[in-house]
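Worksheet: one structure, shown below.
Here it is, written out as structure tokens:
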């Protein structure tokens with residue numbers, strides 16, 4: 001996968017991905033996925049991801065607008081990120097981690113104005129995951 005510039009965040013379409021499926025054939029190769037505040041049920045990781053956000057190949061960093069998802073939160077006086085057609089769509093005011101047990105995200109930016117979560121394909125690939133888009137789903141391997 002090619003690298004995505006950290007200064008660029010594209011507008012995401014929240015209906016682009018309604019669910020992602022994680023290949024659990026080799027659980028040791030999976031280190032990134034997104035869930036809501038609750039832990040996923042043991043046997044169904046795709047349900048844990050359903051309707052939780054957008055997997056975006058143009059997004060430079062994982063981002064959420066819900067501070068309650070983040071652990072190890074630290075305040076930041078960060079730059080603005082573009083979304084919704086606005087170059088100053090939202091200001092980064094913190095970062096943290098989302099830990100789900102099996103599948104964790106590090107360095108998740110908090111942008112209060114975001115109405116949905118963004119999953120960065122680039123960040124997932126940096127953690128040695130593979131991300132495969134098909135016509136109907138997105139697989140994190």
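In our numbering, the protein residues as written are 1 to 141. Think of the CB as a built atom: it goes at the ideal place given N, C-alpha and C, for glycine as much as any other residue.
Could you pull out every residue in the same chain whose Cβ sits closer than 8 Å to the Cβ of residue 93, ignoring the five residues on either side in sequence? As a working mapping, residue 93 is identified with position 93 in the chain shown. Only 75, 76, 77, 78, 110, 111 and 112 meet the Cβ criterion.
Mind the definition here: the stretch 126-135 touches the stretch 80-97 only if three or more C-beta pairs lie below 8 Å; say whether that holds. no
Which two residues bound the contiguous beta strand (DSSP E) that contains residue 59? Translated into the one-based positions of the chain shown, residue 59 becomes position 59. Neither: residue 59 is in no beta strand (DSSP E) and is coded neither H nor E.
Can you tell me the Cα-Cα spacing of residue 87 and residue 67, whole angstroms? Within the chain shown, the letter at position 87 stands for residue 87. Within the chain shown, the letter at position 67 stands for residue 67. When rounded, the distance between both Cα atoms is 22 Å.
Can you say whether residue 118 is buried or exposed, counting buried as having 16 or more other CB atoms within 10 angstroms of its CB? Here residue 118 refers to the residue found at position 118 when the chain shown is read from its first residue. Residue 118 is buried by the Cβ-count criterion.
State the DSSP-derived secondary structure class of residue 72, mapped to helix, strand or coil. The residue given as residue 72 occupies position 72 in the chain shown. Residue 72 carries a strand assignment under DSSP once its states are collapsed to helix, strand and coil.
Per DSSP, the bridge partner or partners of residue 98: The count along the chain shown starts at 1 and reaches residue 98 at position 98. According to DSSP, residue 98 bridges with 105.
Identify the continuous alpha helix (DSSP H) that holds residue 126 and give its terminal residues. On the chain shown, position 126 is the one that residue 126 refers to. For residue 126, the enclosing alpha helix (DSSP H) covers residues 121-126.
Checking the sheet assignment: what are the DSSP bridge partners for residue 133? Looking up residue 133 in the chain shown gives position 133. Residue 133 is bridged to 138.
For residue 64, is the classification buried or exposed, using 16 other Cβ atoms within 10 angstroms of its Cβ as the cut-off for buried? Taking the chain shown and counting its residues from 1, the one referred to as residue 64 is at position 64. Residue 64 is buried by the Cβ-count criterion.
Can you round the beta-carbon distance between residue 108 and residue 99 to whole angstroms, since I take them to be within the 8 Å contact cut? Start at 1 with the first residue of the chain shown, and residue 108 comes out as number 108. Start at 1 with the first residue of the chain shown, and residue 99 comes out as number 99. At roughly 10 Å, the Cβ-Cβ gap does not stay under 8 Å, so residue 108 and residue 99 are not in contact.
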